[in-house]
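The structure appears below as structure tokens.
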Amino acid sequence: MELIKFIIKKRELFRIEIIKNTIRFLKQDKLRMIGISIFLFFLVIAIFAAYIAPYNPMEMNFDGDGNLKRLQPPSKDHLLGTTYMGRDVFSQMIIGSRIALLVGILSAFCVVFIGTNIGLISGYYGGKIDNIIMRIVDIIYGIPFLPFALILVAILGPGVKNIIIAIVLITWRNTARVIRSQVLTLKTRTFIEAAKVSGAGDLRIIYKYIAPNVMPLSMVYISLTMGSAIMTEVSLSFLGYGDPLLPSWGKILYSCYSSQAMFKAWWWMVPPGIAIILLVLSGFLMGRGLEEIANPKLRIR
Amino acid sequence: MIQNEEILLEVKNLKTYYKISTGIIKAIDNVSFQLNRGETLGLIGESGCGKTTLIKTILRILPSNGLIAGGIINYKGNNILKMDSKRINKLRWEEISLIPQSAMNSLDPVYKLGDQIVETILAHESISKKEAYKRSEKVFEIVGLGKNRLKDYPHQYSGGMKQRAVIAMSLVLNPEIIIADEPTTALDVVVQAQILSKINNILENYKGSLIMATHDISVIAQTCIKIAVMYGGKIVEFGKAQRILKKPYHPYMIAMKNAFPSVIGKKKKLISISGNPPSLLNPSEGCRFAPRCPFSFKKCLSVSPNIYKTSDGYVTCHRFDEVDKLQYYSEKEETWIQGKVRI
Amino acid sequence: MGSTALFKFRENKIKYLKAVDGISFTIDRGETLGLAGESGCGKTTTAKILLGLYKPTQGKILCNAMDITNITKKELKTFRQNAQMIFQDPYESLNPRFKIKETLMEPLLIHKIGKTNKNRLEIISRILNDVGLSPARNYINRFPHELSGGQRQRIAIARALIINPVFLVADEPVSMLDVSIRAGILNLLKKLIVKNNLAGLYISHDISFIRYLCDRIAIMYLGRIVEIGRAEEVISKRYHPYTQVLFEAIPSPDPNHKINIGKIKGGVSDPIDLPEGCRFHNRCVRCMNICKKEMPQSIEVENNYWVECHLYNKN
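Chains as they are written, first to last, in this note's numbering: chain E, 90 to 390; chain W, 108 to 450; chain L, -14 to 300.
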């Protein structure tokens, strides 16, 4: 009960203090600003996708004479040209941004949530619990990611949900390990001992004392995981395991490839490629920028 | 120990400031003293008083935001502040060497001690490696460490041994002056006693001069002939250790005496000074100790005290002429409680 | 209350590294025991065991006649309301992310003291006053890094005393503070221990401060208590050879009184590799044959004054 009250209270704190400080802080590092700007750019597009996209991405477009506008280069009507099936690439890109961000952000949060909690518990309790959890992590490290994702999607069926599940089931291993080692160093610090002497129970110490100190690192992993989750979705879609109904960027590349239009219709292949690179890059730049909070020694004076 | 009246080091009106984003920290503000050959000088003061800055200024190892804003430091008549970097490099370690604070952590963990000492020697003198090694054996002997220890790594040494090793390193080029910055602070009391004895021993045999910076009055009492009491970036009292430790003139030093309990003699009341050491960021013009001084009056807060010569040095206090009265009242506990008694 | 023994702590061993090897002592309420010794002698380990941070391998700890050596988590929490500690490092013992208000609120929340928030804030204000930090409103919303070392240590004391414990352990509380500040903190501790009738354990390697604060002194060497008695007596009589060496090594602020450190050889033995018999025999100038073979027993040389040394064997 108290834990919930505590979380609600903390949320308030987030609003007031963080906004002021964060903006000032963000301005300091150019690369970080670039990362965030790119991310926000795509985020806005994704949110307003329905209003921005001029056409239905799956709709086949015909010209005045009733001919399918197949593989048309960019024009006034179709800013990024059309696909083999006459579909508007620009609209597909816009709507596709939604998938990219959905997969990226949702996976990132789930991965880091799971990974952080496991890292906290494993690191704090140590002993048998730590041993068991770390053995599990070791085993999971041994599982090659893409084959596992392919198998899972083959079993559960293609779809955004299952892709996210596949990503989350494996990727938490990294965060868990890193958070755990942070916890190991934190738990020996004197103020933790002092909390124990004051009578604080284990859960209280983990979530009120240690967690806030590992949060910065978790934030870094949210950003980095977002990038890798998007790449995973792209890979799976490109291999044909993506969601058949939704026009993700990976799917666009897949369609382009399977239509054998890769070297004929550059307007079909290049935009998703660039968008993927930019979004993943932004994840990395943000993560790298946030690392400064996690590791004060990197801070620019 | 015969004390030559030859002046080895003369510091006059030295000012060292640090520039930070919010202003200027006047770490040392108009400091003057002199060190004769064969003398041992203790710099006593707490954190922030300027001792470490003073040492760094003498050796010209200030960080990049430190600037020497005035004064001279004459070593054997030559101004250190005007020397070029080649001359300074020769000066460091050959003429003036340093035992830095937390010296034990300044030993390179991946090199054997012998190699470290030899490297230091060879950086300054062009003698053979064999000769350099012989000399390191000799200094190890002086500090009471066995020759075979030269083949060990720092982690194989205890705390006391590391400190001895660092002292040995400071001796290896036969410097005229050794500066020790809190050399025994991290050591146990028995080890500290052994090290202090050793230091006294070395000074007697080699007629060197020593500047020892510490906050521990007892350590200074054991090793130093003269004392400079530092507070807030200035030297507030300077003179013979014997006299200052028995009958200090400056209120801060009087207070320090009251703050040190003793194991010998009667149990006495510990009197503390209220308040905190002053911030040296854009400090006031008045006496730096005035806000905490029970004897201060309006003048003290705005006017910097003059330097009054005493029989063996000087003191900077507006009420120096009433020193007997001050000493009488300082023994009473009520004097030091905040809410000043008008004395 | 009165003269009932508050803590009995016997025969405590830790495996492999005998950090603390067979020590016993009692502390009454209103009494302060000083634990002196050099680094590695086991004093900090003792403190942590007493507070339940480590588990003793063997032995018992009794607090108010309650055996706390093997207790449940719930009982431990109750015990924690009675026993508190002040740590050496004022910079590390406060959570850097908590405001002072939160730091002091924690013990109240944990032990459910104070009915309303307003009530708790009043308790906090009162304790801040007691430790000399007033007006409280100048401190409650600050972070530790905004305060000086002395102020931080006062907060640590406030945190320890806010729940009204009966037993207080202070582990080198002033060794990291400036000299002119130390006296203030020690005077404060002394005042509060007397005012609240606490049983105190003061740990330090600096004997001069122990003398100032404590009624009784215990000298520790390599995990054992070699001498324990009333403070003034231990200081003047110094039965055990190690005690003699220790006191002689303490530099005096009197320049005419130079240390005479001839009487000891070598350094403290590695606690993993202990000598047979008396732990101190390899450095002791009065070592006898029996010292090399047999560990000395605790001998009562005077009323409630014990020494562990073969020199005082009555036979």
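Glycine is no exception: its CB is placed at the ideal position from the N, C-alpha and C atoms.
Look at the Cβ atom of alanine 88 of chain W, then the Cβ atom of isoleucine 380 of chain W, and state whether they are nearer than 8 Å. The question about residue 88 of chain W has no answer, for chain W in this structure spans 108 to 450.
Residue from E/Ile229, E/Phe237, E/Ser348 and E/Phe352 whose Cα sits closest to the Cα of threonine 321 of chain E: Against the first sequence, residue 321 of chain E aligns to sequence position 232. The residue with the shortest Cα to Cα distance from threonine 321 of chain E is E/Phe237.
Just verifying my parser: in three-state terms, what is the DSSP assignment at aspartate 156 of chain L? Residue mapping note: residue 156 of chain L aligns to position 171 of the third sequence, counting from 1. DSSP places aspartate 156 of chain L within a strand segment (E or B) once states are collapsed to three.
Arginine 209 of chain L by DSSP, collapsed to three states: which one? Translated into the one-based positions of the third sequence, residue 209 of chain L becomes position 224. DSSP places arginine 209 of chain L in strand when its eight states are reduced to three.
Just reading off the beta strand (DSSP E) that alanine 68 of chain L is part of, what are its end residues? The count along the third sequence starts at 1 and reaches residue 68 of chain L at position 83. Alanine 68 of chain L -> beta strand (DSSP E) spans 68 to 71.
Relative to the ligand HEM, is the shortest distance from any of its heavy atoms to the C-beta of isoleucine 195 of chain W smaller than 7 Å? No copy of the ligand HEM appears in this structure; indeed no ligand is present at all.
Does DSSP classify arginine 377 of chain E as helix, strand or coil? The residue you call residue 377 of chain E lines up with position 288 of the first sequence. Helix.
Quick check on valine 101 of chain W: does DSSP put it in helix, strand or coil? Beyond the ends of chain W as shown, which are 108 and 450, falls residue 101 of chain W; an answer cannot be given.
Any C-beta of chain L under 8 Å from that of serine 437 of chain W: Counting from one through the second sequence, the residue named residue 437 of chain W turns up at place 330. Output row for serine 437 of chain W: interface = no.
Quickly, what does DSSP pair methionine 337 of chain W with across the bridge? List them, please. Locating residue 337 of chain W in the second sequence gives position 230, where the first residue counts as 1. Answer is W/Ile342, bridged to methionine 337 of chain W.
Members of the region 82 to 101 of chain L near chain A, C-beta cut-off 7 Å: The structure shown contains no chain A; its protein chains are E, W and L.
How long is the line joining the alpha carbons of isoleucine 414 of chain W and glutamate 117 of chain W, rounded to whole angstroms? Counting from one through the second sequence, the residue named residue 414 of chain W turns up at place 307. Counting from one through the second sequence, the residue named residue 117 of chain W turns up at place 10. In a straight line, the C-alpha of isoleucine 414 of chain W is about 17 Å away from that of glutamate 117 of chain W.
So, helix, strand or coil for isoleucine 228 of chain W, using DSSP? Position 121 of the second sequence holds residue 228 of chain W. In this structure, isoleucine 228 of chain W counts as helix in the three-state DSSP scheme.
Please name the residues in the region 325 to 349 of chain W whose beta-carbon is closer than 7 Å to at least one beta-carbon of chain L, in chain order. Ser325, Val326, Ala328, Gln329, Ala348 and Gln349
Bridge partners - alanine 21 of chain L, DSSP secondary structure assignment: Reading the third sequence from its first residue, position 36 is the one you call residue 21 of chain L. Paired residue(s): L/Ser189 and L/Ile204.
Compare the C-beta of glycine 135 of chain L with all C-beta atoms of chain W and state if any pair is closer than 8 Å. Taking the first residue of the third sequence as 1, we reach residue 135 of chain L at position 150. Closer than 8 Å to some Cβ of chain W, the Cβ of glycine 135 of chain L qualifies, so yes.
When we look at the beta-carbon of histidine 130 of chain L and count the other beta-carbons within 10 Å, is it buried (16 or more) or exposed? Taking the third sequence and counting its residues from 1, one reaches residue 130 of chain L at position 145. Looking at its Cβ environment, which holds fewer than 16 other Cβ atoms inside 10 Å, histidine 130 of chain L is exposed.
Where does glutamate -4 of chain L land, buried or exposed, given buried means 16+ other C-beta within 10 angstroms? Translated into the one-based positions of the third sequence, residue -4 of chain L becomes position 11. Note on glutamate -4 of chain L: pLDDT 41, under 50, position unreliable in the model; the coordinate value appears next. Glutamate -4 of chain L is exposed by the Cβ-count criterion.
What are the boundary residues of the beta strand (DSSP E) that isoleucine 137 of chain W is part of? Numbered from its first residue, the second sequence carries residue 137 of chain W at position 30. Note that residue 137 of chain W is asparagine in the sequence shown here, rather than isoleucine. Counting along the chain, the beta strand (DSSP E) containing asparagine 137 of chain W begins and ends at 130 to 143.
Can you name the residues of chain E whose CB is closer than 7 Å to the CB of glutamine 69 of chain L? For the purposes of this step, residue 69 of chain L is identified with residue 84 of the third sequence, where counting begins at 1. Val286, listed in chain order.
Which parts of the region 84 to 135 of chain L are runs of the alpha helix (DSSP H), unbroken and 4 residues or longer, counting only runs that do not cross its ends? 85 to 95 and 102 to 115
Strand pairing of serine 379 of chain W, partner residues [DSSP]: In the second sequence, counting from the first residue as 1, residue 379 of chain W sits at position 272. For serine 379 of chain W, which the question treats as bridged, DSSP gives no partner whatsoever.
Just mark threonine 164 of chain W as buried or exposed, buried being the case when its beta carbon has 16 or more other beta carbons within 10 Å. Within the second sequence, residue 164 of chain W is the residue found at index 57, counting from 1. Result: buried.
Coarse secondary structure for tyrosine 125 of chain W, derived from DSSP in three states: Your numbering for residue 125 of chain W matches position 18 in the second sequence. Strand, per DSSP.
If you follow the beta strand (DSSP E) that tryptophan 291 of chain L is part of, which residue opens it and which one closes it? In the third sequence, residue 291 of chain L corresponds to position 306, counting from 1. Per DSSP, tryptophan 291 of chain L belongs to the beta strand (DSSP E) from 290 to 293.
Mind checking the region 270 to 302 of chain W against chain L and listing, in chain order, the residues whose C-beta falls within less than 8 Å of any C-beta there? Asp295, Val296, Val297, Val298, Gln299, Ala300 and Gln301
Among L/Arg105, L/Thr54 and L/Glu287, which has the Cα closest to the Cα of methionine 213 of chain L? In the third sequence, the residue the question calls residue 213 of chain L occupies position 228. Looking at the sequence itself, residue 213 of chain L is isoleucine, so the reference to methionine does not match. Closest by alpha carbon: L/Glu287.
What is the residue span of the beta strand (DSSP E) that serine 324 of chain E lies within? Taking the first residue of the first sequence as position 1, residue 324 of chain E is located at position 235. From DSSP, serine 324 of chain E is part of no beta strand (DSSP E) but of the alpha helix (DSSP H) over 300 to 327.
Just mark methionine 351 of chain E as buried or exposed, buried being the case when its beta carbon has 16 or more other beta carbons within 10 Å. Translated into the one-based positions of the first sequence, residue 351 of chain E becomes position 262. Flag for methionine 351 of chain E reads exposed.
Leucine 235 of chain E: buried (16+ other C-beta within 10 angstroms of its C-beta) or exposed? Mapped onto the first sequence, residue 235 of chain E falls at position 146. Leucine 235 of chain E sits exposed, since fewer than 16 C-beta atoms from the chains shown fall within 10 Å of its C-beta.
Within the region 225 to 299 of chain W, ranges of the alpha helix (DSSP H) (whole runs, at least 4 residues): 236 to 250 and 266 to 278
Less than 6 Å between C-beta atoms, sequence neighbours within five positions excluded: which residues of the same chain meet that for isoleucine 376 of chain E? Counting from 1 along the first sequence, the entry for residue 376 of chain E is found at position 287. The sequence given here places glycine at residue 376 of chain E; isoleucine does not occur at that position. Answer for glycine 376 of chain E: Val309, Ser312 and Leu313, listed in chain order.
Have a look at arginine 167 of chain W and isoleucine 195 of chain W and give me their C-alpha separation to the nearest angstrom. One-based indexing of the second sequence puts residue 167 of chain W at position 60. One-based indexing of the second sequence puts residue 195 of chain W at position 88. If I take the Cα positions, the gap works out to 8 Å.
Flag threonine 279 of chain E as yes if its beta-carbon sits less than 8 Å from any beta-carbon of chain L, otherwise no. One-based indexing of the first sequence puts residue 279 of chain E at position 190. It does: the Cβ of threonine 279 of chain E has a partner Cβ on chain L nearer than 8 Å.
For the beta strand (DSSP E) holding threonine 423 of chain W, just list the boundary residues, first then last. If you number the second sequence from 1, residue 423 of chain W lands on position 316. Boundaries for threonine 423 of chain W: no beta strand (DSSP E) harbours it, and the DSSP string shows neither H nor E there.
Distance, proline 384 of chain W Cα to valine 326 of chain W Cα: Position 219 of the second sequence, counted from the first residue, corresponds to residue 326 of chain W. Position 277 of the second sequence, counted from the first residue, corresponds to residue 384 of chain W. Going by the C-alpha atoms only, they are around 22 Å apart.
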